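Okay, structure first, notes after.
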Amino acid sequence: MEIENLKETFLETLNDLNLSISFLRDKKLLGYEVELLANRCKISQVEVHEVLEKAKQENWSWRKK
């Protein structure tokens with residue numbers, strides 16, 4: 073059972089990253105996607121938009137510069 077929980081968490085995290093990357097590439101997020109991110113991160117939907125906008129403006133990246 074623990075493996076199933078780990079698998080589910082891993083797949084949810086991949087989905088969250090995919091949504092964030094899509095936004096940073098100028099794709100629009102749907103309402104339910106923003107709600108999903110907000111619920112998983114335990115923040116408001118407004119905060120999701122604020123963080124994603126800040127990331128876009130500041131060109132956040134996982135790559136080392």
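My numbering numbers the first residue of the sequence shown as 73 and each following residue consecutively.
We put the beta carbon where it would ideally sit given N, CA and C, even for glycine.
Values in this document were obtained by computation on a predicted structure and should not be read as measured data.
Leaving aside the five residues before and after E107 along the sequence, list all residues of the same chain whose C-beta is less than 8 Å from its C-beta, in chain order. For this step, residue 107 is matched to residue 35 along the sequence shown. These residues qualify, in order along the chain: Q117.
CB L91 to CB E105, shorter than 9 Å? As a position in the sequence shown, residue 91 is number 19, starting the count at 1. As a position in the sequence shown, residue 105 is number 33, starting the count at 1. In contact: L91 and E105 (Cβ atoms closer than 9 Å).
From this set, I75, T81, E76 and E130, which residue's C-alpha is nearest R112's C-alpha? For the purposes of this step, residue 112 is identified with residue 40 of the sequence shown, where counting begins at 1. Taking only the C-alpha atoms, the option nearest R112 is T81.
Give every residue of the same chain whose Cβ lies closer than 8 Å to the Cβ of A110, excluding the five residues on either side of it in the sequence, and list them in chain order. For the purposes of this step, residue 110 is taken as the residue at position 38 of the sequence shown. These residues qualify, in order along the chain: S116, Q117, E119 and V120.
Keeping to the same chain, check which residues put their C-beta closer than 7 Å to that of A127; ignore five residues upstream and five downstream. As a working note, residue 127 is residue 55 in the sequence shown. So the qualifying residues of the chain are L96.
First and last residue of the alpha helix (DSSP H) that includes S133? Locating residue 133 in the sequence shown gives position 61, counting from the first residue. It is not in any alpha helix (DSSP H) - S133 carries neither H nor E in the DSSP assignment.
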